Amino acid sequence: MPFKINTTPALIGIETKNASLEIRQPKAEVTMKTEPLKMKIEKKDSKVQIDQSVCFSEANLKSIFELIKHSAQMGKQKSMEAIGRISSEGDEMTKIENGGNAIANMAKRNSINEKNYDVTFIPKSRPKITATEPTLNIDFEGGKTNIDVKANKVDIKYNPGKVDVYLRQKNSINIEYVNEEV
Numbered sequence: 002m003p004f005k006i007n008t009t010p011a012l013i014g015i016e017t018k019n020a021s022l023e024i025r026q027p028k029a030e031v032t033m034k035t036e037p038l039k040m041k042i043e044k045k046d047s048k049v050q051i052d053q054s055v056c057f058s059e060a061n062l063k064s065i066f067e068l069i070k071h072s073a074q075m076g077k078q079k080s081m082e083a084i085g086r087i088s089s090e091g092d093e094m095t096k097i098e099n100g101g102n103a104i105a106n107m108a109k110r111n112s113i114n115e116k117n118y119d120v121t122f123i124p125k126s127r128p129k130i131t132a133t134e135p136t137l138n139i140d141f142e143g144g145k146t147n148i149d150v151k152a153n154k155v156d157i158k159y160n161p162g163k164v165d166v167y168l169r170q171k172n173s174i175n176i177e178y179v180n181e182e183v
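Start counting the sequence shown at 2; every next residue gets the next number (this note's numbering).
Pasting the structure below:
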């Protein structure tokens, strides 16, 4: 039996679509505020005070007020000495009848003027020196920094892949009888 058999195979078609993944990360938003640093400096200089009033007084270079005060004290002292001397001489004169030589003695005492001279250096005292220490105060204020960070979300886009399978060609069998005599 002569048969002729033709076959056509089945063919499968495959279409694919690739998956896609897209990731986008926006930058974070950062805001920064800075308060400037303030520096405050207080400085007091040293002071030196020199008091030479005692030295000037010893050199007889006194102020008008000191001269008036000194002169008043000297006048009071000399007045008291004079009153004492006059009183003493008066007492001596009352006793003249006792045979004393009161007037001659008084004349002799009042005529002798003894002076003592002495060499000295002025001023004898040192000046008074006082000093205050310098001060330095440094204060800082402020100087703050505030940082605010806002993180943005990650943007993810995902498209899934796809696979399509289909029958591109159907299978078939063709059988023919090839005999000429029937």
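We treat Cβ as the ideally placed atom computed from N, Cα and C, and that holds for glycine. This one's a predicted model, so the numbers in the text were calculated from it and none came from an experiment.
Fill in: leucine 68 in three-state terms, based on DSSP
helix
Practice prompt. Check each candidate in Ile157, Asp92, Thr35, Asp46 and name the one with the smallest Cα separation from threonine 136.
Written response: Of the listed residues, the one whose Cα sits closest to threonine 136 is Asp46.
Item to complete: Using three-state DSSP, classify asparagine 160 as helix, strand or coil.
Response: strand
Worksheet item: Can you list the beta strand (DSSP E) stretches of 3 or more residues lying completely in the segment 6-32, in chain order?
Response: 12-18, 21-25
Worksheet item: Assuming isoleucine 174 contacts threonine 8 under a Cβ cut-off of 8 Å, what Cβ separation, rounded to an integer in Å, is found between them?
Response: The pair is a contact, with the Cβ atoms about 5 Å apart (cut-off 8 Å).
Worksheet entry | Start-to-end residues for the alpha helix (DSSP H) that takes in lysine 63 | For lysine 63, no alpha helix (DSSP H) encloses it, and the DSSP letter there is neither H nor E.
Worksheet item: Quick one, which of Lys125, Ile65, Tyr159 has its alpha-carbon nearest arginine 25's?
Response: Tyr159
Worksheet item: Would you call the CB atoms of serine 126 and valine 55 closer than 8 Å?
Response: For serine 126 and valine 55, yes; Cβs fall inside 8 Å.
Discussion item. According to DSSP, is alanine 152 part of a helix, a strand, or is it coil?
Written reply: Three-state result, alanine 152: coil.
Fill in: Separation of threonine 131 from phenylalanine 141, as counted between CA atoms
33 Å
Worksheet item: For asparagine 106, which residues of its own chain have a beta-carbon under 8 Å away from its beta-carbon, when the five flanking residues on both sides are left out?
Response: Glu93
Discussion item. Taking 6 Å as the limit between beta carbons, can you name the residues of its chain near lysine 70, skipping five residues before and five after?
Written reply: none
Worksheet item: Any chance the segment 2-22 sits against the segment 164-171, with 3 or more Cβ pairs inside 8 Å?
Response: yes
Worksheet item: Between the C-alpha atoms of phenylalanine 122 and glycine 76, what's the straight-line distance to the nearest angstrom?
Response: Cα to Cα, phenylalanine 122 sits roughly 26 Å from glycine 76.
Fill in: Residues bridged to threonine 146 (per DSSP)
Thr35
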